[in-house]
């Protein structure tokens with residue numbers, strides 16, 4: 176016996192034998208793969224079509240809020256002071272992603288009666304339909320504010336999204352006005368109380384105290400009545416005038432930088448499901464052949 180002769184272990188894989196086995200079972204592989212591929216195509220065609228539209232927004236201009244900067248402290252946190260415009264823009268974005276706000280818009284929208292009928296017929300709640308379908312697009316650079324809406328064919332998504340942004344802008348403006356009016360009313364109440372004190376003590380003009388530098392007004396924060404009834408009356412009149420202006424002030428800006436895009440198909444096409452099913456079918460057929468050959 177030649178000691179240098181190499182022997183092939185019995186458990187080594189014989190590639191030629193594997194190829195012959197696969198060729199022998201080629202019809203089985205073909206049938207199983209075709210069945211899986213056909214099933215994948217049928218499954219893909221039965222999936223409901225979901226479309227997507229994208230809209231780009233702009234922030235409200237800072238100059239639009241300049242006349243309210245005197246009330247800045249009311250919009251500031253203890254940690255960091257923020258501008259009135261930043262507060263408004265932040266609140267607008269919160270309202271946009273609010274599911275309750277979206278549901279309210281649907282209920283008030285008279286252009287989508289057909290869509291509402293679809294929801295009612297299929298016993299679908301508005302909140303359930305839109306949950307997770309309206310989202311802000313993640314942008315690490317934060318150069319733009321983009322939002323996407325996923326919807327079915329029953330909903331005119333492009334017009335719906337444009338109208339929803341305008342609706343939310345008005346909601347945010349109304350909330351801003353309400354908050355601002357509350358602040359001014361509180362200021363008016365404070366001045367009114369001090370005005371009554373000044374009138375009661377017959378103090379018309381500010382109390383002056385002589386300093387080395389000259390005359391100056393004693394302006395103690397907790398004693399506004401030292402300003403006298405004349406000054407307090409004028410300041411109260413100014414606040415009341417500002418309060419009336421708020422109701423008539425129109426925030427004339429368009430929050431939409433780019434209108435909602437034309438809908439694109441968001442769901443996978445049947446061909447995608449066919450490719451996945453083909454791979455699964457091929458893998459399954461190999462398993463069947465392996466089990467049969469054992």
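In this note's numbering, the protein residues as written are 176 to 469.
Glycine included, each C-beta is placed from N, C-alpha and C at the ideal position.
These numbers come from a predicted model, not from an experiment.
Item	Value
Please report the residue range of the beta strand (DSSP E) in which residue 329 lies.	Residue 329 -> no beta strand (DSSP E), and no H or E assigned at all.
Applying the 10 Å Cβ sphere with the 16-neighbour rule, what's the burial state of residue 202?	exposed
Which residue or residues does DSSP assign as beta-bridge partners of residue 309?	324
Kindly list the residues whose CB is nearer than 8 Å to the CB of residue 224, restricted to its own chain and excluding five residues on each side of it in sequence; keep chain order.	327, 328, 440 and 442
What are the boundary residues of the alpha helix (DSSP H) that residue 433 is part of?	Here residue 433 belongs to no alpha helix (DSSP H); instead the beta strand (DSSP E) covers 431–433.
How close, in whole Å, do the beta carbons of residue 118 and residue 355 come, if the pair is a contact with beta carbons under 8 Å?	Residue 118 falls outside the range modelled here, since the chain spans only 176 to 469, and no answer is possible.
Leaving out five residues on either side along the sequence, give the residues of the same chain with a beta carbon under 8 Å from the beta carbon of residue 360.	418
Could you tell me the alpha carbon to alpha carbon distance between residue 304 and residue 270, rounded to whole angstroms?	18 Å
Closest by CA to residue 213, which one among 461, 465, 469 and 453?	453
Based on the DSSP secondary-structure assignment, which residues constitute the bridge partners of residue 227?	325 and 439
Do the stretch 318–325 and the stretch 411–425 touch if we need at least three Cβ pairs shorter than 8 Å?	no
May I have a chain-ordered list of the alpha helix (DSSP H) segments no shorter than 4 residues that lie completely inside the stretch 255–284?	259–271 and 274–283
With residue 296 as the anchor, note down where its alpha helix (DSSP H) starts and where it stops.	288–296
Taking the Cβ atom as the reference point for each residue, do residue 332 and residue 228 lie within a distance shorter than 7 Å?	yes
Please determine, among 460, 353, 456 and 403, the residue with the shortest C-alpha to C-alpha distance to residue 420.	353
Quick one: grab the DSSP three-state call for residue 197.	helix
Just to confirm, are residue 230 and residue 435 a CB contact at a threshold of 7 Å?	yes
Given this structure, state the Cα-to-Cα distance separating residue 302 from residue 234, to the nearest angstrom.	27 Å
What's the C-alpha gap between residue 382 and residue 349?	41 Å
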